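J.: So the sequence shown is numbered by our numbering: it starts at 83 and just counts up by one. Where is the CB? At the ideal position from N, CA and C, for every residue including glycine. Being a predicted model, the structure only gives us computed values, none of them experimental.
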Amino acid sequence: MRTPLLPLQELIDCLQNPPGPDDPSSTEKVIGMHKKATQAMDEITAALDECVEKGVSPVTMRKYVSTCQEKVTLLSNSLPESWLEEVPATYIKIDYENPVHLCNDICHRLEDLVLHLMIVHARYYNKMAITPNVYRELMRQRLEPGFSVIRKWFSEAESCCEELQALVLDLFDTFDPLLENRMNHYQLDFLRQLHQALLKLYREEGNSLDQPQLRNLLISFNLNSTAFYDYCTSYINQQLKELPNVRTQLDLLGYAASEVNQVKQLRGLAYNKDAPNIKELMNEWIQVETKYLRAREKPTNTRKFKSDFATLPENFKLQTSLTVAEIAALVRILKEVGIVENRNMQDVFRLIPLCFSAEKKTSFENSVFQTSYYHISDETYEKMTTLANQIIKQAHHLRKE
Numbered sequence: 083m084r085t086p087l088l089p090l091q092e093l094i095d096c097l098q099n100p101p102g103p104d105d106p107s108s109t110e111k112v113i114g115m116h117k118k119a120t121q122a123m124d125e126i127t128a129a130l131d132e133c134v135e136k137g138v139s140p141v142t143m144r145k146y147v148s149t150c151q152e153k154v155t156l157l158s159n160s161l162p163e164s165w166l167e168e169v170p171a172t173y174i175k176i177d178y179e180n181p182v183h184l185c186n187d188i189c190h191r192l193e194d195l196v197l198h199l200m201i202v203h204a205r206y207y208n209k210m211a212i213t214p215n216v217y218r219e220l221m222r223q224r225l226e227p228g229f230s231v232i233r234k235w236f237s238e239a240e241s242c243c244e245e246l247q248a249l250v251l252d253l254f255d256t257f258d259p260l261l262e263n264r265m266n267h268y269q270l271d272f273l274r275q276l277h278q279a280l281l282k283l284y285r286e287e288g289n290s291l292d293q294p295q296l297r298n299l300l301i302s303f304n305l306n307s308t309a310f311y312d313y314c315t316s317y318i319n320q321q322l323k324e325l326p327n328v329r330t331q332l333d334l335l336g337y338a339a340s341e342v343n344q345v346k347q348l349r350g351l352a353y354n355k356d357a358p359n360i361k362e363l364m365n366e367w368i369q370v371e372t373k374y375l376r377a378r379e380k381p382t383n384t385r386k387f388k389s390d391f392a393t394l395p396e397n398f399k400l401q402t403s404l405t406v407a408e409i410a411a412l413v414r415i416l417k418e419v420g421i422v423e424n425r426n427m428q429d430v431f432r433l434i435p436l437c438f439s440a441e442k443k444t445s446f447e448n449s450v451f452q453t454s455y456y457h458i459s460d461e462t463y464e465k466m467t468t469l470a471n472q473i474i475k476q477a478h479h480l481r482k483e
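This is how it looks when you write it as structure tokens:
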């Protein structure tokens with residue numbers, strides 16, 4: 083039975099001293115090197131697969147796969163950077179007489195070997211290890227057109243989340259070949275999937291991009307990095323500072339927890355595989371802040387709040403034929419066009435349910451209203467358009483009277 087260690091050593095030997103560009107016989111040497119390297123890599127994969135078929139023990143398989151992973155990573159990191167230059171797309175087939183094509187093909191075959199180890203022999207492959215430079219660079223070349231689209235989108239989108247956009251772009255910049263490679267396999271796969279999700283969002287939303295949309299996408303991907311955690315907590319902290327009292331601050335923290343917990347996460351995905359989930363980190367921070375604020379809250383403040391708002395008689399409410407979602411959308415529109423000028427929307431969120439009633443006595447809870455304010459459905463948008471047209475027609479009618 084074959085083992086992968088002999089062809090692995092043959093692969094290392096044939097790529098150890100590649101010919102330089104000034105070598106007059108470099109073409110012949112590259113052709114021979116490509117042939118030997120290709121044969122060695124084919125034998126490595128065949129030997130590993132045969133070991134599995136023959137029932138080699140897990141301990142031995144782990145040794146084989148980990149040795150291959152370590153040696154292939156070191157080998158790929160030692161190859162000349164010129165080998166990784168992109169071959170023009172006009173070349174559909176490999177020119178086996180062209181040294182540039184052959185060197186580039188060796189890099190692609192090394193990537194295939196890495197993927198074979200990582201996918202076929204996943205139980206023995208260490209995905210926490212740093213990715214081979216060849217694998218990272220070839221992935222960057224595939225993703226770069228999408229990176230350009232995302233950068234352009236972020237620069238042109240009318241949004242208020244520049245800091246969050248910069249955080250995402252910093253993640254993608256870790257593919258830069260000029261930077262030291264510290265990206266493990268989990269992180270590379272994370273960034274590849276995030277790249278796809280952002281392009282999908284771009285196709286669906288065009289230039290529209292808001293902070294909750296991008297933040298929730300990153301939470302759904304479990305971006306449990308220190309930078310994103312600091313951003314989220316700092317963002318909530320800034321909102322807390324703008325609120326007038328402890329009661330409204332507690333309302334905001336409750337709403338923030340609700341927003342975080344409603345985000346559905348992709349199973350098994352995380353930027354830092356050995357770190358806690360970003361939802362767990364956020365909930366823990368919110369709980370600590372809530373406990374601190376409750377300790378500061380004075381009972382008299384609660385009684386005053388109830389006496390000022392909660393005891394309003396039912397007949398003091400403005401009866402409407404709108405649903406809670408439609409009232410929330412109406413307030414959102416009035417806010418966006420500048421008719422509602424309140425900066426502290428938490429007070430508005432608390433006041434509206436106390437002063438308005440929805441159709442058919444629908445439950446009008448503060449949390450439901452806030453959620454509807456930030457997440458307006460297409461159906462509600464259509465209802466608002468119809469309502470706006472009715473208002474315009476009625477205005478014309480009143481003007482004629």
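Tell me the DSSP secondary structure of T382 in three-state form.
T.: Caution applies to T382, whose pLDDT of 47 falls short of 50 and renders its modelled position unreliable; the value that the coordinates give is listed next. T382 falls in the helix class under three-state DSSP.
J.: Under the rule that 16 or more other beta-carbon atoms within 10 Å means buried, what is D187, buried or exposed?
T.: By the neighbour-count rule (16 or more Cβ atoms within 10 Å), D187 is buried.
J.: Does DSSP put N266 in a helix, a strand or coil?
T.: In this structure, N266 counts as strand in the three-state DSSP scheme.
J.: Pop quiz: K361 and I301 are said to be a contact at Cβ under 8 angstroms. What is the actual Cβ separation, rounded to whole angstroms?
T.: At roughly 7 angstroms, the Cβ-Cβ gap stays under 8 angstroms, so K361 and I301 are in contact.
J.: Mark N215 as exposed unless 16 or more other C-beta atoms lie within 10 angstroms of its C-beta, in which case mark it buried.
T.: Answer is buried; the Cβ neighbour count reaches 16.
J.: What is the rounded straight-line gap between the Cα of T172 and the Cα of R224?
T.: Interpretation of T172 is limited by its pLDDT of 44, a score under 50 that renders its predicted location unreliable; the figure taken from the coordinates is listed afterwards. Spanning the two alpha carbons is a distance of roughly 16 angstroms.
J.: Would you call the region 195-202 in contact with the region 241-259, where contact means no fewer than 3 C-beta pairs closer than 8 angstroms?
T.: Short answer: they don't touch.
J.: Could you tell me the boundaries of the alpha helix (DSSP H) in which G228 lies?
T.: Counting along the chain, the alpha helix (DSSP H) containing G228 begins and ends at N215 to E238.
J.: On a Cα-Cα basis, can you pick out the residue from E244, A440 and R274 that is closest to R218?
T.: For the residues E244, A440 and R274, the minimum Cα distance to R218 belongs to R274.
J.: Which of the three DSSP states is assigned to I421 in this structure?
T.: Coil, per DSSP.
J.: By Cβ distance, which residues of its chain are closer than 6 angstroms to P89, with the 5 residues on each side in sequence left out?
T.: A122, E125 and I126.
J.: If Q295 sits next to L246, beta carbons under 8 angstroms apart, how far is it from one beta carbon to the other, in whole angstroms?
T.: At roughly 10 angstroms, the Cβ-Cβ gap does not stay under 8 angstroms, so Q295 and L246 are not in contact.
J.: Just tell me which of A128, L130, L97 and G420 has its CA closest to the CA of G114.
T.: If we check each option's Cα against that of G114, L97 comes out closest.
J.: Would you say L305 and Y268 are within 8 angstroms of each other, going by their C-beta atoms?
T.: Cβ distance not < 8 angstroms, so L305 and Y268 don't count as in contact.
J.: Across which residues does DSSP place S439 in a beta bridge pair?
T.: S439 is bridged to Q401.
J.: Can you grab the Cα-Cα spacing for the pair A470 / S316, in whole Å?
T.: A470 and S316: Cα-Cα distance of roughly 38 angstroms.
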